[in-house]
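**Q** Residue numbers (the working numbering): 54 to 454. Heads up, the beta-carbon is just placed ideally off N, CA and C, and yes, glycines get one too. Dumping the structure here so I can ask a few things about it.
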């Protein structure tokens, strides 16, 4: 069940629609089609892959409830160069030490004038497109998994009577631009996050839910089968090394140092083409390094590994489902530092310094502490599906009892 934080007790708005649906990993869920349109629109954003991953997981659960789902990238909806400019600005800020930290903690966290001005400019372009989208293809539910989409949806909600608006933020400390008065329900993944929402929306209806993961992570191979598939010795030490779709941090140097120490390394570059070339070159002279670019084989790689070395993000939740300990890279500024602290609080995770030598030292020490897996999957989808269904019921979007 979700942890409802100060729910207003909104009752169901329609009667039930019965019949089985299949959620993540084949988990049976009740179905619902609450209004004639019955559809859901998910709004994501193309800053990295984390928002898209959450959208995929939510789509699986909504489709299992007989809801038609479509997903739109709210940055791309800005039109023209707007979306590309937003990504370029974010990348540029992350690339300057301390700059994004300053912007996040001084502006986004507090709702400073610069942050609210950016929000207003983005909404000026996105609101007309959102209005057109909802007029052309009406839906019952909009789930915003990106702050820009949340702002635009709040502004158009009054034009569409009966539209349910949900904001889903997996950050430990949702910043000001996530929070808008015309939001029916906030989905967050910790009580700390709920309190940050309340900072800006004191009467908000909030449900604390587990972080969802995509279905393949609930069905990984055994470690033995995964290692045989990749040609990794069954008794060898093995690490999965990755850092989001941008490949942040000293991954090449760490991969080389670990391989020199006798550790097998799956090194994943994501969408970072330059990093992918450097890892491929390293693999030519170091056979224990197995390089990947952007790949959908992460569940298999996690299953084969003893330890996952990664930045804070959706990968952490995926590794916990597969049952692997984490060594976290402190390479994502701003919200990444908040989220890293949240992951450490959950246990099963350590944090490493950013320089290759200390990071390698931490990884080797962590490998000494981890134990061989005793289960193929550490956590199934039941907790998420139950919590998500109960959260939807708070705003009348699941069958009545």
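Kindly provide the ranges of any alpha helix (DSSP H) runs that are 4 or more residues long and lie completely inside the segment 135–205, ordered along the chain.
**A** Note on the segment 135–205: whole alpha helix (DSSP H) runs with a minimum of 4 residues are 135–148, 152–156 and 166–189, in chain order.
**Q** Do residue 111 and residue 221 come within 8 Å of each other at the CB atom, strictly closer than that value?
**A** In the chain shown, the residue the question calls residue 221 occupies position 168. In the chain shown, the residue the question calls residue 111 occupies position 58. Cβ distance < 8 Å, so residue 221 and residue 111 count as in contact.
**Q** Grab the span of the alpha helix (DSSP H) containing residue 391 for me, first residue to last.
**A** Taking the first residue of the chain shown as 1, we reach residue 391 at position 338. Where residue 391 is concerned, the enclosing alpha helix (DSSP H) stretches over 388–399.
**Q** With DSSP as the reference, identify every bridge partner of residue 291, one or two as the case may be.
**A** Position 238 of the chain shown, counted from the start, is the residue given in the question as residue 291. For residue 291, which the question treats as bridged, DSSP gives the partners 317.
**Q** Check the DSSP bridge columns for residue 364 and list the partner residues they point to.
**A** Translated into the one-based positions of the chain shown, residue 364 becomes position 311. Residue 364 pairs with 382.
**Q** For the beta strand (DSSP E) that residue 218 lies in, which residues bound it at each end?
**A** For the purposes of this step, residue 218 is identified with residue 165 of the chain shown, where counting begins at 1. Segment 217–221, the beta strand (DSSP E) holding residue 218.
**Q** Return the first residue and the last residue of the alpha helix (DSSP H) that residue 343 is part of.
**A** Taking the first residue of the chain shown as position 1, residue 343 is located at position 290. That residue, residue 343, is in no alpha helix (DSSP H); its beta strand (DSSP E) goes 342–345.
**Q** Is residue 357 closer than 8 Å to residue 280 when the C-beta atoms are compared?
**A** One-based indexing of the chain shown puts residue 280 at position 227. One-based indexing of the chain shown puts residue 357 at position 304. Cβ distance < 8 Å, so residue 280 and residue 357 count as in contact.
**Q** Tell me the rounded alpha-carbon separation between residue 360 and residue 378.
**A** Counting from 1 along the chain shown, the entry for residue 360 is found at position 307. Counting from 1 along the chain shown, the entry for residue 378 is found at position 325. In a straight line, the C-alpha of residue 360 is about 5 Å away from that of residue 378.
**Q** Can you say whether residue 340 is buried or exposed, counting buried as having 16 or more other CB atoms within 10 angstroms of its CB?
**A** Here the question's residue 340 lines up with position 287 in the chain shown. The residue in question, residue 340, is exposed, as its Cβ has fewer than 16 Cβ neighbours within 10 Å.
**Q** Cα separation between residue 403 and residue 449?
**A** Along the chain shown, one-based indexing puts residue 403 at 350. Along the chain shown, one-based indexing puts residue 449 at 396. For residue 403 and residue 449, the distance between alpha carbons rounds to 40 Å.
**Q** Identify the residues that DSSP records as bridge partners of residue 239: which are they?
**A** Here residue 239 refers to the residue found at position 186 when the chain shown is read from its first residue. DSSP, once it has assigned bridges, lists 220 and 259 as partnering residue 239.
**Q** Between the C-alpha atoms of residue 256 and residue 167, what's the straight-line distance to the nearest angstrom?
**A** The sequence position of residue 256 within the chain shown is 203, counting from 1. The sequence position of residue 167 within the chain shown is 114, counting from 1. About 26 Å.
**Q** Determine the direct distance from the alpha carbon of residue 346 to that of residue 95, and round the result to whole angstroms.
**A** To locate residue 95, count along the chain shown from 1; it is residue 42. To locate residue 346, count along the chain shown from 1; it is residue 293. Distance between the alpha carbons of residue 95 and residue 346 is about 27 Å.
**Q** Less than 8 Å separating the beta-carbons of residue 300 and residue 334?
**A** Numbered from 1 along the chain shown, position 247 holds the residue referred to as residue 300. Numbered from 1 along the chain shown, position 281 holds the residue referred to as residue 334. Judged by beta-carbon spacing, residue 334 lies beyond the 8 Å limit of residue 300, meaning their Cβ atoms are not closer than that value.
**Q** What span of residues does the beta strand (DSSP E) with residue 121 cover, start to end?
**A** Reading the chain shown from its first residue, position 68 is the one you call residue 121. 121–126 is the extent of the beta strand (DSSP E) around residue 121.
**Q** With distances taken from CA atoms, which of 266, 295 and 246 is nearest residue 162?
**A** If you number the chain shown from 1, residue 162 lands on position 109. Nearest of 266, 295 and 246 to residue 162, Cα basis: 246.
**Q** When DSSP labels each residue in this structure, what does residue 310 get in the three-state scheme?
**A** Taking the first residue of the chain shown as position 1, residue 310 is located at position 257. In this structure, residue 310 counts as helix in the three-state DSSP scheme.
**Q** With which residues is residue 348 paired in a DSSP beta bridge?
**A** Sequence index remark: in the chain shown, residue 348 carries index 295 (1-based). Paired residue(s): none; residue 348 is not in a bridge.
**Q** Among the residues of its own chain, which have a CB less than 7 Å from the CB of residue 105, if the five just before and after it don't count?
**A** Here the question's residue 105 lines up with position 52 in the chain shown. 97.
**Q** Can you check which of these residues, 424, 157, 235 and 218, is closest to residue 229 by C-alpha distance?
**A** Looking up residue 229 in the chain shown gives position 176. Among 424, 157, 235 and 218, the Cα nearest to that of residue 229 belongs to 157.
**Q** Determine the DSSP secondary structure at residue 96, reduced to helix, strand or coil.
**A** Stepping through the chain shown from its first residue, residue 96 is reached at position 43. The answer is strand: DSSP assigns residue 96 an E or B state.
**Q** Using only the heavy atoms of the ligand ZN, determine whether one of them is closer than 7 Å to the beta carbon of residue 291.
**A** Absence of the ligand ZN is noted for the structure shown, with no ligands found whatsoever.
**Q** In whole angstroms, what separates the C-alpha of residue 287 from that of residue 276?
**A** If you number the chain shown from 1, residue 287 lands on position 234. If you number the chain shown from 1, residue 276 lands on position 223. Going by the C-alpha atoms only, they are around 8 Å apart.
**Q** Please classify residue 195 as buried or exposed, where buried requires at least 16 other C-beta atoms within 10 Å of its C-beta.
**A** The residue given as residue 195 occupies position 142 in the chain shown. By the neighbour-count rule (16 or more Cβ atoms within 10 Å), residue 195 is buried.
**Q** Could you spell out where the beta strand (DSSP E) holding residue 404 opens and where it closes?
**A** Counting from one through the chain shown, the residue named residue 404 turns up at place 351. Where residue 404 is concerned, the enclosing beta strand (DSSP E) stretches over 402–405.
**Q** Are the segment 410–427 and the segment 201–214 in contact at 8 Å, needing three or more beta carbon pairs?
**A** no
**Q** When DSSP labels each residue in this structure, what does residue 214 get in the three-state scheme?
**A** Residue 214 sits at position 161 when you count from the first residue of the chain shown. Of the three classes helix, strand and coil, the one that applies to residue 214 here is coil, per DSSP.
**Q** Excluding sequence positions up to five away, which residues of its chain have a Cβ less than 6 Å from the Cβ of residue 103?
**A** Position 50 of the chain shown holds residue 103. Result list for residue 103: 366 and 367, in chain order.
**Q** Residue 278 lies in the alpha helix (DSSP H); which residues open and close that run?
**A** Position 225 of the chain shown, counted from the first residue, corresponds to residue 278. That run of the alpha helix (DSSP H) goes 276–283.
**Q** Given residue 343, which residues of its chain have a CB within under 6 Å of its CB, disregarding the five upstream and five downstream residues?
**A** Against the chain shown, residue 343 aligns to sequence position 290. Closer than 6 Å at the Cβ level, and outside the excluded window around residue 343, lie 319.
**Q** Check each candidate in 294, 401, 186 and 160 and name the one with the smallest Cα separation from residue 423.
**A** Position 370 of the chain shown, counted from the first residue, corresponds to residue 423. Comparing Cα positions, the closest option is 401.
**Q** Comparing alpha-carbon positions, which option in 200, 154, 189 and 305 lies nearest residue 139?
**A** As a working mapping, residue 139 is identified with position 86 in the chain shown. Taking only the C-alpha atoms, the option nearest residue 139 is 200.
**Q** Would you call the CB atoms of residue 294 and residue 307 closer than 8 Å?
**A** In the chain shown, the residue the question calls residue 294 occupies position 241. In the chain shown, the residue the question calls residue 307 occupies position 254. Yes.
**Q** For residue 384, tell me which candidate among 147, 414, 396 and 170 has the shortest Cα-Cα distance.
**A** The residue labelled residue 384 in the question sits at position 331 within the chain shown. Among 147, 414, 396 and 170, the Cα nearest to that of residue 384 belongs to 147.
**Q** How many Å lie between residue 172 and residue 165 at the Cα?
**A** Here residue 172 is taken as the residue at index 119 of the chain shown, counted from 1. Here residue 165 is taken as the residue at index 112 of the chain shown, counted from 1. One C-alpha to the other measures close to 11 Å.
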